[in-house]
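These notes concern the structure reproduced below.
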Amino acid sequence: RRVLVLNGPNLGRLGTREPSVYGSATHDDLVRLCLDTGAELGLDVDVRQTDHEGEMVGWLHAAADEGAAVVLNAGAWTHYSIAVRDAAAQLSGPLIELHISNVHRREEFRQHSVLSDIATGVIVGLGVDGYALALRWLATTPR
Ligand code: DQA
9 RRVLVLNGPN LGRLGTREPS VYGSATHDDL VRLCLDTGAE LGLDVDVRQT
59 DHEGEMVGWL HAAADEGAAV VLNAGAWTHY SIAVRDAAAQ LSGPLIELHI
109 SNVHRREEFR QHSVLSDIAT GVIVGLGVDG YALALRWLAT TPR
């Protein structure tokens, strides 16, 4: 199964960005975790990060055309980007919305997601380990 792990704005700064909220793992560590976990599970995993909304929309279109599963950490776009939502809504494979931090115990503006009601499932607050859990679920769940 093909899985795209797509990370949105500011996630390239993991490790230095607010480590008390997001932990000490870098984006490179996150990539390694996903590739190692994918290899172990026999998944074809691709991990990407962008700060540009149009690039993310394009990746989601390609995922829709490929029928790929998507693990999406849309960062701040989660809370307001109808464009990212509309692109994600075109996916035919499973969509897992993921947040490293527990957005529900943070600011009010993080409590709402424009993605959750179109997601297959949501993982929040488990740090970067959430990515490995998402891949494990995808590996054991029939298309
Ligand atoms: C985040 C939570 C968002 O509210 C925030 O804007 C992020 C990261 C998380 O992974 O916890 O950039 O998606």
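Every letter in the sequence shown is one number past the one before it in full-length UniProt numbering, and letter 13, counting from 1, is 21.
Heads up, the beta-carbon is just placed ideally off N, CA and C, and yes, glycines get one too.
For clarity, every value in this text was computed on a predicted model and none was experimentally measured.
- In the three-state reduction of the DSSP assignment, A77 falls in the strand class, which pools E and B.
- For N15, the closest C-alpha among the options E63, A77, N81 is that of N81.
- N18 is bridged by DSSP to nothing; it lacks a bridge partner.
- In this structure, A96 is the residue among H60, I131, A96 with its C-alpha nearest to the C-alpha of V122.
- When secondary structure is reduced to three states using DSSP, L99 falls in the coil class, being assigned neither helix nor strand.
- In the assembly as shown, A76 is a buried residue. Its beta-carbon has 16 or more other beta-carbons within 10 Å.
- For G31, the Cβ stays outside the 7 Å cut-off from all heavy atoms of the ligand DQA.
- Bounds of the alpha helix (DSSP H) holding G46 are 35-49.
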